[in-house]
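Q: This is the structure I want to talk about, given as structure tokens.
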Amino acid sequence: VLGMHPFVWCSFLYWEQCNAGITHSGYCFYMPSLHENKHLAKIFGFGLLADESAYHHHHHFRNKGNFSSSMYDSLWGTQDDWLHVGKTAGYVASLHEQEKQRVLKTKNKAN
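Numbered per this note's numbering, the sequence shown spans residues 30 to 140.
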């Protein structure tokens, strides 16, 4: 495609398929110690993977924005709920809180 070496094209397709699998997996590889350290996050890619996965999950779970890439969503104002929640850290914290509430309800029903 466009005179590109086949190895480059196959590498690009491989990366895109891995990225799609991770962002659609429902898993968010968010590790605060690595995520908050920008240098480590860039080296290991943890920040990128966690952000993309959480960003995509927020799109399906809350159905309020995050329709495209963060660049286009910020341009068109469709990521306001994501920013209000607190991006990846806030969204992960809200999911943990919801899970705690679910567990407490289950325990209360069992008693």
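Ideal placement from N, C-alpha and C gives every residue a C-beta, glycine not left out. It should be emphasised that the depicted structure is a prediction, and the values quoted were computed from it without experimental measurement.
1. Report the CB separation of H86 from C57 in whole angstroms; it is logged as a contact under 8 Å.
2. If you draw a straight line from the alpha carbon of A122 to that of R131, how long is it in whole angstroms?
3. Going by the beta-carbon positions, is the gap between E81 and T52 smaller than 7 Å?
4. Could you check which residue in K136, W38, E45, Y84 has the C-alpha nearest to that of V114?
5. How far does the alpha helix (DSSP H) with M100 in it reach, from first residue to last?
6. If we ignore side chains and look at the alpha-carbon of each, how far apart do K116 and H34 end up?
7. Just curious, the alpha helix (DSSP H) that C57 is in, first and last residue?
8. Any heavy atom of the ligand ATP inside 6 Å of the beta-carbon of F41?
9. Measuring CA to CA, which of W105, Y120, W38 is closest to D89?
10. Candidates F36, L124, L133, N137: which alpha carbon is nearest Y59's?
11. According to DSSP, simplified to helix, strand and coil, what is N137?
12. Alpha carbons only, please: which of Y101, L31, D110 is nearest the one belonging to N92?
A: Short version:
1. 7 Å
2. So the alpha carbons of these two residues sit roughly 14 Å apart.
3. yes
4. The residue with the shortest Cα to Cα distance from V114 is Y84.
5. Start and end: 99 to 105.
6. 37 Å
7. Taken as a continuous stretch (DSSP letters only), C57 belongs to no alpha helix (DSSP H), as it is neither H nor E.
8. The model on display carries no ligand, and the ligand ATP is accordingly not part of it.
9. In the sequence on display, residue 89 carries His and not Asp. Residue Y120 is the option with its Cα nearest to H89.
10. Relative to Y59, the option among F36, L124, L133, N137 whose CA is nearest is L124.
11. helix
12. D110
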